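Asker:
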Amino acid sequence: MSKTGLAVYLDFADAIKRDGRKTIEAKYGNLFEMYEKITGENPYELPMMIYPAVHYTMGGLWVDYNLMTTIPGLYALGEANFSDHGANRLGASALMQGLADGYFVIPYTIGDYLATIGPADKIPVDSPAFKEAEQKVHAQVEQLLAIKGTRPVDELHKELGHIMWEYCGMSRTAEGLKLAKQKIQALKKEFWTNVKVLGDSEEMNQALEQASRVADFIELGELMVDDALNREESCGGHFREEHQTPDGEALRDDANFAYVAAWEYQGEGKPEVLNKEVLEFENVKLTQRSYK
Amino acid sequence: MKINLKVWRQKNTNTAGKLVEYQLDNVSEDMSFLEMFDVLNDSLTRKGEDPVTFDHDCREGICGMCSMYINGRAHGPQTGATTCQLHMRSFNDGDTIVVEPWRARAFPVIKDLMVDRSAFDRIIQSGGMYR
Chain A
4 MSKTGLAVYL DFADAIKRDG RKTIEAKYGN LFEMYEKITG ENPYELPMMI
54 YPAVHYTMGG LWVDYNLMTT IPGLYALGEA NFSDHGANRL GASALMQGLA
104 DGYFVIPYTI GDYLATIGPA DKIPVDSPAF KEAEQKVHAQ VEQLLAIKGT
154 RPVDELHKEL GHIMWEYCGM SRTAEGLKLA KQKIQALKKE FWTNVKVLGD
204 SEEMNQALEQ ASRVADFIEL GELMVDDALN REESCGGHFR EEHQTPDGEA
254 LRDDANFAYV AAWEYQGEGK PEVLNKEVLE FENVKLTQRS YK
Chain B
4 MKINLKVWRQ KNTNTAGKLV EYQLDNVSED MSFLEMFDVL NDSLTRKGED
54 PVTFDHDCRE GICGMCSMYI NGRAHGPQTG ATTCQLHMRS FNDGDTIVVE
104 PWRARAFPVI KDLMVDRSAF DRIIQSGGMY R
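Chains as they are written, first to last, in my numbering: chain A, 4 to 295; chain B, 4 to 134.
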């Protein structure tokens, strides 16, 4: 264990002995250099401290095959959408999606959409929908500034991160997730009554910007917990401890959970509605993956 | 570690700025330079003083968003490293560190250490990079 108490060691000594330093350098030189900058230790000589990283939400906004969201004309590309990756999203799959969406999809689909609308279709700023959205943003900004509590946004942001890390990380239990839900709801109350955002809305204000995002992250965090509670199986990055094979591998339940969960917002304070998009496999068969 | 900071504070583009001194008493050598600024901003916020505005995003050495001109050098003493990959072990206990925004006529200061980089964005958009 390292002094943070959170990392375990990965030792390259045997690999260096077997393959030679040059080979390891060619394979991992860049990574080792980055590691040395962060930790101040030379990974060719000392074992590396490693730690599992949080891999985003494993999902994103619902989009159609043209990458358009449920709002006409609003497109979501790359990691912002849910489309290409499955239940697991490790390594460079985010890069794959960014590149595939950016190079191969959007250059064609966005033009197709733009061809169907003209300047006359522009939504005027005095339309009721525009006014409603604008007023909502103004009201939230004023509300955040008026709280004048005692706790900096960053502190509350980190607290949310710790709840998610502890109870909604790679390994989850129903008990832990239920506790997380309570903790997030308590944090939400604390945030909206005791956050401290200085300055005003007429200047560059990073704390205000962060507060707006943390308000969203609190909602998203709770939804992730709901989703993890709903999915009574283990699958990809979602390992429910209650659902595992005798030798500790993820145990899926394809009969009941071979679907993408598209959660639909119902308005403030109302529970989201689950839409199931069934996963159909035509050319490959669903199998159990073993990392052993 | 104890660190003395001289940080450029400037309310907005149209206001004159100046260097303001701060002292931090509990800086860990494992902190990144940006994390050290988080600690400063936390204490400023609790005191009711305006936190320092600075650019940052991925904090893992990839995005290139963090800037800062540290002791007269872009990104500080290391070469080939972003500010988020600069750690406090590169400094000594009791050091005084001067932190300024990147000063160039094409990049006016928006606030404190944040500059307007849209001139650079326009060069990239016109295809003027990576040729």
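Where a beta carbon is used, it is the ideal one built from N, C-alpha and C, also for glycine.
In this text, all values refer to a predicted model and were calculated from it rather than measured experimentally.
Go through its chain and collect everything with a Cβ distance to residue 79(B)'s Cβ below 8 angstroms, but skip five positions before and after it.
Answerer: Here residue 79(B) refers to the residue found at position 76 when the second sequence is read from its first residue. So the qualifying residues of the chain are 36, 71, 73, 86, 89 and 93.
Asker: Buried or exposed: residue 244(A), going by 16 or more other Cβ atoms within 10 Å of its Cβ?
Answerer: Your numbering for residue 244(A) matches position 241 in the first sequence. Exposed, since its Cβ has fewer than 16 Cβ neighbours within 10 Å.
Asker: At which residues does the alpha helix (DSSP H) containing residue 195(A) begin and terminate?
Answerer: In the first sequence, residue 195(A) corresponds to position 192, counting from 1. 177-197 is the extent of the alpha helix (DSSP H) around residue 195(A).
Asker: Using 8 angstroms as the threshold, is the C-beta distance between residue 207(A) and residue 114(B) below it?
Answerer: For this step, residue 207(A) is matched to residue 204 along the first sequence. For this step, residue 114(B) is matched to residue 111 along the second sequence. Yes, these two residues count as a Cβ contact at 8 angstroms.
Asker: Under 8 angstroms Cβ to Cβ from residue 44(B), same chain only, skipping five residues before and after it: list those, please.
Answerer: Sequence index remark: in the second sequence, residue 44(B) carries index 41 (1-based). Excluding positions up to five away in sequence, the list reads 54 and 55.
Asker: Determine the direct distance from the alpha carbon of residue 162(A) to that of residue 212(A), and round the result to whole angstroms.
Answerer: Residue mapping note: residue 212(A) aligns to position 209 of the first sequence, counting from 1. Residue mapping note: residue 162(A) aligns to position 159 of the first sequence, counting from 1. Cα to Cα, residue 212(A) sits roughly 18 angstroms from residue 162(A).
Asker: So, with DSSP's three-state summary, where would you put residue 280(A)?
Answerer: Here residue 280(A) refers to the residue found at position 277 when the first sequence is read from its first residue. Reduced to three states, the DSSP call for residue 280(A) is strand.
Asker: Name the chain B residues that come within less than 8 angstroms of residue 282(A), Cβ to Cβ?
Answerer: Start at 1 with the first residue of the first sequence, and residue 282(A) comes out as number 279. Here the premise fails: no neighbours, minimum Cβ distance about 32 angstroms.
Asker: Out of 4(B), 5(B), 6(B) and 11(B), state which residue places its alpha-carbon closest to the alpha-carbon of residue 118(B).
Answerer: As a first step, residue 118(B) is located in the second sequence; it is residue number 115 there, counting from the start. In terms of Cα proximity to residue 118(B), the closest of 4(B), 5(B), 6(B) and 11(B) is 11(B).
Asker: Can you tell me whether DSSP reads residue 59(A) as helix, strand or coil?
Answerer: Sequence index remark: in the first sequence, residue 59(A) carries index 56 (1-based). Reduced to three states, the DSSP call for residue 59(A) is coil.
Asker: Which first and last residues belong to the alpha helix (DSSP H) in which residue 39(A) is found?
Answerer: Along the first sequence, one-based indexing puts residue 39(A) at 36. Here the alpha helix (DSSP H) through residue 39(A) covers 24-42.
Asker: Alpha carbon to alpha carbon, how far is residue 160(A) from residue 7(B)?
Answerer: Within the first sequence, residue 160(A) is the residue found at index 157, counting from 1. Within the second sequence, residue 7(B) is the residue found at index 4, counting from 1. Going by the C-alpha atoms only, they are around 27 angstroms apart.
Asker: Starting from the C-beta of residue 215(A), find all residues in its chain whose C-beta is less than 8 angstroms away, skip the five residues before and the five after it, and write them out in chain order.
Answerer: The residue labelled residue 215(A) in the question sits at position 212 within the first sequence. The answer, listed in chain order, is 143, 144 and 147.
Asker: In angstroms with no decimal places, state the Cα-to-Cα distance between residue 67(A) and residue 14(A).
Answerer: Position 64 of the first sequence, counted from the first residue, corresponds to residue 67(A). Position 11 of the first sequence, counted from the first residue, corresponds to residue 14(A). Straight-line Cα distance between these residues: approximately 45 angstroms.
Asker: Below 8 angstroms on the Cβ atoms is my guess for residue 54(A) versus residue 9(A); work out the distance and round it to an integer in Å.
Answerer: Residue 54(A) sits at position 51 when you count from the first residue of the first sequence. Residue 9(A) sits at position 6 when you count from the first residue of the first sequence. Cβ-Cβ separation between residue 54(A) and residue 9(A): approximately 6 angstroms, consistent with a contact (criterion under 8 angstroms).
Asker: Just verifying my parser: in three-state terms, what is the DSSP assignment at residue 155(A)?
Answerer: On the first sequence, position 152 is the one that residue 155(A) refers to. Reduced to three states, the DSSP call for residue 155(A) is strand.
Asker: Taking 8 angstroms as the CB-CB cut-off, is residue 157(A) touching chain B?
Answerer: The residue you call residue 157(A) lines up with position 154 of the first sequence. Chain B, which has a Cβ nearer than 8 angstroms to the Cβ of residue 157(A), makes this yes.
Asker: According to DSSP, simplified to helix, strand and coil, what is residue 259(A)?
Answerer: Taking the first residue of the first sequence as 1, we reach residue 259(A) at position 256. Three-state result, residue 259(A): helix.
Asker: Tell me, please, whether the stretch 231-250 of chain A touches the stretch 163-175 of chain A by the rule of three or more beta-carbon pairs shorter than 8 angstroms.
Answerer: yes
Asker: Please name the residues in the stretch 37-49 of chain B whose beta-carbon is closer than 7 angstroms to at least one beta-carbon of chain A, in chain order.
Answerer: 41, 45, 48 and 49
Asker: Have a look at residue 250(A) and residue 61(A) and give me their C-alpha separation to the nearest angstrom.
Answerer: Reading the first sequence from its first residue, position 247 is the one you call residue 250(A). Reading the first sequence from its first residue, position 58 is the one you call residue 61(A). In a straight line, the C-alpha of residue 250(A) is about 25 angstroms away from that of residue 61(A).
Asker: Can you tell me which of 82(A), 167(A) and 119(A) puts its alpha carbon nearest to the alpha carbon of residue 104(A)?
Answerer: Locating residue 104(A) in the first sequence gives position 101, counting from the first residue. Selected option, being the one with the closest Cα: 82(A).
Asker: For chain B, check one thing: does any of its Cβ atoms lie closer than 8 angstroms to the Cβ of residue 202(A)?
Answerer: Along the first sequence, read from residue 1 onward, the residue named residue 202(A) stands at position 199. Under the Cβ distance rule, residue 202(A) counts among the residues neighbouring chain B, one pair being separated by less than 8 angstroms.
Asker: Using C-beta distances below 6 angstroms, list every residue in its chain close to residue 281(A), excluding the 5 sequence neighbours before and after it, in chain order.
Answerer: On the first sequence, position 278 is the one that residue 281(A) refers to. Scanning its chain for C-beta atoms nearer than 6 angstroms, with the 5 sequence neighbours on each side dropped, one finds around residue 281(A) the residues 262, in chain order.
Asker: Alpha carbon to alpha carbon, how far is residue 107(B) from residue 22(B)?
Answerer: On the second sequence, position 104 is the one that residue 107(B) refers to. On the second sequence, position 19 is the one that residue 22(B) refers to. Approximately 17 angstroms, taken between the alpha carbons.
Asker: How far does the alpha helix (DSSP H) with residue 148(A) in it extend, from its first residue to its last?
Answerer: In the first sequence, the residue the question calls residue 148(A) occupies position 145. Here the alpha helix (DSSP H) through residue 148(A) covers 131-150.
Asker: Grab me the residues of residue 248(A)'s own chain with a C-beta within less than 6 angstroms of its C-beta, minus the 5 sequence neighbours each way, in chain order.
Answerer: In the first sequence, the residue the question calls residue 248(A) occupies position 245. Cβ within range, chain order: 254.
Asker: Within 10 angstroms of its Cβ, does residue 31(B) collect 16 or more other Cβ (buried), or is it exposed?
Answerer: Within the second sequence, the letter at position 28 stands for residue 31(B). Result: exposed.
Asker: Whose Cβ in chain A lies nearer than 9 angstroms to the Cβ of residue 111(B)?
Answerer: Sequence index remark: in the second sequence, residue 111(B) carries index 108 (1-based). Within chain A, no residue comes near residue 111(B); the closest Cβ sits about 12 angstroms away, beyond 9 angstroms.
Asker: Look at the Cβ atom of residue 99(B), then the Cβ atom of residue 5(B), and state whether they are nearer than 8 angstroms.
Answerer: Counting from one through the second sequence, the residue named residue 99(B) turns up at place 96. Counting from one through the second sequence, the residue named residue 5(B) turns up at place 2. For residue 99(B) and residue 5(B), no; Cβs fall outside 8 angstroms.
Asker: With a threshold of 8 angstroms between beta carbons, is residue 88(B) in contact with chain A?
Answerer: As a position in the second sequence, residue 88(B) is number 85, starting the count at 1. At least one chain A Cβ lies under 8 angstroms of residue 88(B).
Asker: Checking 8 angstroms against the spacing of the C-beta atoms, do residue 84(B) and residue 40(A) come in under that value?
Answerer: Numbered from its first residue, the second sequence carries residue 84(B) at position 81. Numbered from its first residue, the first sequence carries residue 40(A) at position 37. Residue 40(A) is positioned such that its CB atom lies closer than 8 angstroms to that of residue 84(B).
Asker: In the DSSP assignment, the alpha helix (DSSP H) including residue 12(B) goes from what residue to what residue?
Answerer: Taking the first residue of the second sequence as 1, we reach residue 12(B) at position 9. Per DSSP, residue 12(B) is not a residue of any alpha helix (DSSP H); the beta strand (DSSP E) it occupies stretches across 6-12.
Asker: Starting from residue 51(A), trace the beta strand (DSSP E) both ways and give me its first and last residue.
Answerer: Position 48 of the first sequence, counting from 1, holds the residue named residue 51(A). Residues 51-53.
Asker: According to DSSP, which residues form a beta bridge with residue 238(A)?
Answerer: Position 235 of the first sequence, counted from the start, is the residue given in the question as residue 238(A). Partner(s): 241(A).
Asker: Using a Cβ-Cβ cut-off of less than 7 angstroms, give me the residues of the stretch 200-231 of chain A that come near chain B, in sequence order.
Answerer: 201, 202, 206, 207, 209 and 210
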